[in-house]
Amino acid sequence: MKKLTTLLALALCLNGWAQYTKLLDFAGTTNGQYPRGSLISDGTFLYGMTGIGGANNLGTLFKIKPDGTGYVDLLNFAGATNGSNPYGDLYYDGTFLYGMTRGGGANNMGVIFKIMPDGTGYVDLLDFAGTTNGSYPYGSLISEVTVGHSLYGMTHDGGANNLGTLF
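Note that the sequence shown covers residues 5 to 171 in my numbering.
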């Protein structure tokens, strides 16, 4: 009987947490499609990226409040100017959001970028160039704060053997 009571209490507790609320329907041109990576939070907004869609059909970076209100399209990726087809998770250092695209940039091999959470201050930190520094990053950036806030990641291709790089 004690096991049944414990299971019933656990089921009731989990039921209270198992609510589902759809916050947004992705619609292609207007707000992107095929979200990639995980959502991150700054305590007020959730931030994420879509792999394609948006104004240029090359992906978007967006924010939305956890209750589904306040959606803002922060960036429409545009290819050579700021990358295309973002991939992986965003990284937030308390001031900037950082991320990578698997295409676009000066060499159409992807970029590392940073942007303010309000969508201003976009900076292309690195254009991947193939043999010299890798190409087509897949995955997410991480930071090691004890080493001066360096960013680390990997590329799928490029490098001396065209088998990817670790940076």
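The beta-carbon is built from N, C-alpha and C at its ideal position, and this holds for glycine as well.
Bear in mind the structure is a predicted one, so any value in this text is a computation, not a measurement.
Alpha-carbon to alpha-carbon, residue j and residue i
i, j, result
"residue 159", "residue 84", "18 Å"
"residue 3", "residue 149", "As displayed, the chain neither begins before 5 nor continues past 171, which places residue 3 out of reach and without an answer."
"residue 153", "residue 99", "12 Å"
"residue 132", "residue 29", "33 Å"
"residue 58", "residue 145", "23 Å"
"residue 93", "residue 23", "25 Å"
"residue 147", "residue 155", "5 Å"
"residue 60", "residue 38", "14 Å"
"residue 12", "residue 76", "Reliability of the predicted coordinates at residue 12 is poor, the pLDDT of 43 falling under 50, and no value is obtained from them."
"residue 71", "residue 137", "41 Å"
"residue 141", "residue 157", "8 Å"
"residue 170", "residue 113", "15 Å"
"residue 45", "residue 69", "9 Å"
"residue 32", "residue 107", "19 Å"
"residue 34", "residue 97", "28 Å"
"residue 128", "residue 95", "15 Å"
"residue 5", "residue 54", "Since pLDDT at residue 5 reaches only 48, below the 50 mark, its modelled position is unreliable, and the value read off the structure follows with that caveat. The straight-line gap from Cα to Cα measures roughly 50 Å."
"residue 82", "residue 130", "16 Å"
"residue 121", "residue 88", "19 Å"
"residue 36", "residue 117", "19 Å"
Residue i and residue j closer than 9 Å at C-beta
i, j, result
"residue 134", "residue 161", "yes"
"residue 91", "residue 73", "no"
"residue 47", "residue 56", "no"
"residue 123", "residue 115", "no"
"residue 101", "residue 65", "yes"
"residue 103", "residue 41", "yes"
"residue 167", "residue 119", "no"
"residue 165", "residue 139", "no"
Paired residues, beta bridge with residue i - DSSP
i, result
"residue 36", "32"
"residue 51", "44, 67"
"residue 169", "159"
Contact belief for residue i with residue j at Cβ below 8 Å, rounded distance in angstroms
i, j, result
"residue 67", "residue 49", "4 Å"
"residue 86", "residue 126", "6 Å"
Please go through the stretch 124–164 and give each complete beta strand (DSSP E) segment of 3 or more residues, from N-terminal end onward. 127–131, 139–141, 146–148, 154–156, 158–161
Taking the runs of the beta strand (DSSP E) that are 3 residues or longer, which of them lie wholly in the stretch 65–117? Listed in chain order, the beta strand (DSSP E) runs fully inside the stretch 65–117 are 76–80, 88–90, 101–107, counting runs of at least 3 residues.
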